[in-house]
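**Student:** My questions all concern the structure below.
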């Protein structure tokens, strides 16, 4: 069974903007799935349709086999949504927000209060349970939306840029939390602008651009398509010129070397050649995230194909 | 009703009551102060010079209308401001993504408005006790008119909020429609005091029926036919309920 099965999904807004041009997408139960795309690609429209916040123009959407046209309430029960924008009442307390949300899903108040302790502790918000939401920091508000989405224990958790504007430390702790949720059997669909996030969390990925899916594969396969990887090397002293036969290289300044390593070419060979020339390397880093390089390439290729 | 729906309804009600109780200084105190002023100025000071209306002191005659005035304003404004705020802050999405049927959403917001209106009605009645000896002619009529009127105007407030795009939009109708209807709705005068033509025109004002039916419950007097008043109240309430459910079902003002 698929957690999500989308067929020929189209959405045209009132002004005539075609946000989705007939997308097909399947997400397996238990998956940690990334939906990536540039701004305005159709990610939020897709999520809006899944969560009944946007009316679709045509196509079929099934959530754990529940068709949203025929069994909308059953489909909604399966989904927990963490939207991009804060959408809770800023004047209500943290605990009121999560307990009321559970009530909308039919969870008895007594049970909801018990669950609120579990999820607010997991998101490190328990000490803020009696504070109005407006007093929380940006990171806390994001975590509140995750806790709220978990209150009815959904089988599919959809997160629309959950770590936007969150500092690195909190982002990493949220990753740990999301991994643990996924390991407990919850299917997760994630959209993010932090491609490092998608690479480290997700097993499968779809890239959407201008309302079309331009890539849908496993993260492993996608990264396997990476033919060239660019590294930046910090050198031990200043050099006027360097020439490497194993790869393309360029001195960015006297002590910074950029190398573009083709698939199949080993870093050992590059280091051996540098050692032969008496060049010492102090440190090395990727010029860009690997997924980022692929993402940019795929989006550009997709646009060229569409003319 | 399914257990899940009942719990959802209770949750909306809890949220709604919590909202107006949290801001009780804005929601519960002003009607008490305003009505005290009405009783002092129109009842005790001016009322003495007006004399009797239909055999009752002016302050006695006016009292049911003043309660109804508070009930109408509070039922309407509670739902219009609460639903519009939920749209504005986008927390209406909490309900839209949940498996809550539209009629439960409508019922939750409307009942929230009715509870506030009844609470304000009780507060104003307590204030009235300082100025007038309250008599009760028919308790069933009082309670049923109170609940029906509160429901009707709570629904009207909800429909206003569905269409509203700015905070101005939820104050335009109360200022330019609701206030004239209530002040000309027989709260301060009997329809029989109006010239012939205006008596006919006033029959078009739905508030006349509510105020008079409510007044009948206390004093046993009415300018309108009670059966017609009840029929109109029930019919209008049903029509507005259907309109509200359809609007939210279609996603008017809340879904793209």
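Protein chains in written order, with this note's numbering: chain A, 5 to 311; chain B, 226 to 481.
For each residue, glycine too, the CB sits at the ideal point set by N, CA and C.
Would you kindly work out how many angstroms separate the C-alpha atoms of residue 448 of chain B and residue 424 of chain B, rounded to a whole number?
**Tutor:** Whole-angstrom Cα-Cα distance: 10 Å.
**Student:** Do the CB positions of residue 385 of chain B and residue 305 of chain B come within less than 8 Å of each other?
**Tutor:** Yes, the pair counts as a contact, with Cβ atoms nearer than the cut-off.
**Student:** So residue 86 of chain A and residue 8 of chain A are in contact, right, with Cβ under 8 Å, and what is the actual spacing, rounded?
**Tutor:** That pair is no contact at about 16 Å.
**Student:** Please identify, using Cβ separations under 8 Å, the residues of the stretch 320-340 of chain B that lie next to chain A, in order along the chain.
**Tutor:** For the stretch 320-340 of chain B, which is checked against every Cβ of chain A, the residues closer than 8 Å are 320, 321, 322, 323, 324, 325 and 326.
**Student:** Please name the residue in A/182, A/69 and A/27 whose C-alpha comes closest to that of residue 81 of chain A.
**Tutor:** When each option's Cα is compared against that of residue 81 of chain A, the closest is A/69.
**Student:** Please list the segments of the alpha helix (DSSP H) lying wholly inside the stretch 136-207 of chain A, counting only runs of 4 or more residues, in order along the chain.
**Tutor:** Listed in chain order, the complete alpha helix (DSSP H) runs (minimum 4 residues) inside the stretch 136-207 of chain A are 142-154, 172-187 and 199-205.
**Student:** Compile a chain-ordered list of the residues in the stretch 237-248 of chain B whose CB is closer than 9 Å to at least one CB of chain A.
**Tutor:** Of all residues in the stretch 237-248 of chain B, 237, 239, 240, 243, 244, 247 and 248 have a Cβ within less than 9 Å of some Cβ in chain A.
**Student:** Helix, strand or coil for residue 210 of chain A, going by three-state DSSP, please let me know.
**Tutor:** Three-state result, residue 210 of chain A: strand.
**Student:** Run the CB neighbour count on residue 302 of chain B, radius 10 Å, all protein chains shown included, and call it buried at 16 or more, exposed below.
**Tutor:** Looking at its Cβ environment, which holds 16 or more other Cβ atoms inside 10 Å, residue 302 of chain B is buried.
**Student:** Less than 8 Å between CB atoms is the rule here; does residue 302 of chain B satisfy it with respect to chain A?
**Tutor:** Output row for residue 302 of chain B: interface = no.
**Student:** Using the Cβ count rule (16 or more neighbours within 10 Å means buried), how would you classify residue 294 of chain B?
**Tutor:** Under this definition residue 294 of chain B is a buried residue.
**Student:** Nearest to residue 267 of chain A by alpha carbon, out of A/204, A/20 and A/232?
**Tutor:** It is A/232 whose Cα lies nearest to the Cα of residue 267 of chain A.
**Student:** Using beta-carbon positions only, say whether residue 466 of chain B and residue 371 of chain B come within less than 8 Å of one another.
**Tutor:** No.
**Student:** What do you get for residue 258 of chain A, buried or exposed, if any count of 16 or more other CB atoms within 10 angstroms of its CB means buried?
**Tutor:** Its Cβ having fewer than 16 others within 10 Å, residue 258 of chain A is exposed.
**Student:** With 9 Å as the C-beta to C-beta threshold (strictly closer), list the residues of the stretch 101-114 of chain A near chain B in chain order.
**Tutor:** Per Cβ criterion, the list reads 101, 103, 104, 105, 106, 107, 108, 109, 110, 111, 112 and 113.
**Student:** Could you please tell me which residues of the stretch 309-320 of chain B, in chain order, have their CB closer than 8 Å to any CB of chain A?
**Tutor:** Of all residues in the stretch 309-320 of chain B, 310, 311, 314, 315, 316, 318, 319 and 320 have a Cβ within less than 8 Å of some Cβ in chain A.
**Student:** By alpha-carbon positions, which one of A/185, A/210, A/125 and A/111 ends up nearest to residue 229 of chain B?
**Tutor:** Here the closest residue by C-alpha is A/111.
**Student:** Strictly below 9 Å CB to CB, what residues from chain B border residue 45 of chain A?
**Tutor:** Result: empty, since nearest Cβ-Cβ is about 17 Å, beyond 9 Å.
**Student:** Which bits of chain A does residue 390 of chain B rub up against, with CB to CB less than 8 Å?
**Tutor:** Those do not exist, as residue 390 of chain B stays about 15 Å from chain A at its closest Cβ, beyond 8 Å.
**Student:** Closest to residue 253 of chain A by CA distance: which of A/31, A/221, A/218 and A/291 is it?
**Tutor:** Taking only the C-alpha atoms, the option nearest residue 253 of chain A is A/291.
**Student:** If the cut is a Cβ gap below 8 Å, which residues of chain A does residue 228 of chain B touch?
**Tutor:** The answer, in chain order, is 110.
**Student:** Is the Cβ-Cβ distance between residue 6 of chain A and residue 30 of chain A less than 8 Å?
**Tutor:** Against a cut-off of 8 Å, the Cβ pair of residue 30 of chain A and residue 6 of chain A comes out as a contact.
**Student:** Would residue 166 of chain A count as contacting chain B if we go by Cβ distances under 8 Å?
**Tutor:** No, residue 166 of chain A does not count as interfacial toward chain B.
**Student:** Beta-carbon of residue 87 of chain A versus every beta-carbon of chain B: anything under 8 Å?
**Tutor:** Chain B contact via Cβ: present.
**Student:** Would you call the CB atoms of residue 352 of chain B and residue 260 of chain B closer than 8 Å?
**Tutor:** Their beta carbons are under 8 Å apart, which means residue 352 of chain B touches residue 260 of chain B by this criterion.
**Student:** From which residue to which residue does the beta strand (DSSP E) around residue 84 of chain A run?
**Tutor:** 83-86 is the extent of the beta strand (DSSP E) around residue 84 of chain A.
**Student:** Less than 7 Å between C-beta atoms, sequence neighbours within five positions excluded: which residues of the same chain meet that for residue 470 of chain B?
**Tutor:** Excluding residues within five positions, the ones whose Cβ falls inside 7 Å are 327, 328 and 331.
**Student:** Taking only three categories from DSSP, how would you classify residue 355 of chain B?
**Tutor:** Residue 355 of chain B: coil per DSSP, three-state reduction.
**Student:** Going by the beta-carbon positions, is the gap between residue 265 of chain A and residue 251 of chain A smaller than 8 Å?
**Tutor:** Contact flag set, yes.
**Student:** Which first and last residues belong to the beta strand (DSSP E) in which residue 289 of chain A is found?
**Tutor:** Element bounds for residue 289 of chain A: 285-290.
**Student:** Taking just the CA atoms, how far does residue 50 of chain A sit from residue 203 of chain A?
**Tutor:** Roughly 21 Å between the two C-alpha positions.
**Student:** With a threshold of 8 Å between beta carbons, is residue 471 of chain B in contact with chain A?
**Tutor:** With 8 Å as the cut-off, residue 471 of chain B does not count as an interface residue toward chain A.
**Student:** Please confirm whether residue 379 of chain B has its beta-carbon closer than 8 Å to some beta-carbon of chain A.
**Tutor:** Answer no: the Cβ-Cβ gap between residue 379 of chain B and chain A never drops below 8 Å.
**Student:** Grouping DSSP H, G and I as helix and E and B as strand, with all else coil, what is residue 93 of chain A?
**Tutor:** Here residue 93 of chain A sits in coil by DSSP.
**Student:** I want to verify the contact list: residues of chain A whose CB lies under 8 Å from the CB of residue 232 of chain B, in sequence order.
**Tutor:** Neighbours of residue 232 of chain B on chain A, chain order: 107, 110, 111, 112 and 113.
**Student:** Could you work out which residue in A/33, A/145 and A/107 is closest to residue 187 of chain A when comparing CA atoms only?
**Tutor:** Of the listed residues, the one whose Cα sits closest to residue 187 of chain A is A/33.
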